[in-house]
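Residues in the sequence shown are numbered consecutively from 17, following this note's numbering. Even for Gly, the Cβ is constructed at its ideal location relative to N, Cα and C.
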Amino acid sequence: MTTLFSERLKLLAATIESRAEPLGVGLKRQCWAGVAHAVARSQGERVTDYFGISAREMKDAIKTNNLCPPESRNRVMRQVTLAMAASR
17 MTTLFSERLK LLAATIESRA EPLGVGLKRQ CWAGVAHAVA RSQGERVTDY
67 FGISAREMKD AIKTNNLCPP ESRNRVMRQV TLAMAASR
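Next comes the structure, spelled out in structure tokens:
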């Protein structure tokens, strides 16, 4: 059964996929966490609460985002986000 968190993570993955520009590095440069934060904040919630992820998962995703070359960052982070969704 698909959970609310899974659906939210899938929407985040779709948002990342639809970006024309590569995700950046750092919250203010729209890294993965910056995009997730903006989505969660628009709903008045924290990233971890809105997406049902742990602080560790968030830190790991940020680390992966930062290590990716810009040209593959959106694709990789979309996959990371979909993997999180599948585990919910």
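(1) Indicate the three-state DSSP secondary structure (helix, strand or coil) for Ile-69 in the structure shown.
(2) Arg-94 to Glu-33, Cα distance in whole Å?
(3) Which complete beta strand (DSSP E) runs does the stretch 19-102 hold, if anything under 3 residues is left out?
(4) If we count the other Cβ atoms within 10 Å of its Cβ and call it buried at 16 or more, is Gly-50 buried or exposed?
(5) Look at the alpha carbon of Gly-40 and the alpha carbon of Ala-102, and state the distance between them as a whole number of angstroms.
To lay it out plainly:
(1) As a working mapping, residue 69 is identified with position 53 in the sequence shown. Coil, per DSSP.
(2) On the sequence shown, residue 94 is found 78 positions in, with the first residue counted as 1. On the sequence shown, residue 33 is found 17 positions in, with the first residue counted as 1. So the two alpha carbons sit approximately 6 angstroms from each other.
(3) none
(4) Translated into the one-based positions of the sequence shown, residue 50 becomes position 34. Per the 10 Å Cβ criterion, buried.
(5) By 1-based counting over the sequence shown, the position of residue 40 is 24. By 1-based counting over the sequence shown, the position of residue 102 is 86. So the two alpha carbons sit approximately 25 angstroms from each other.
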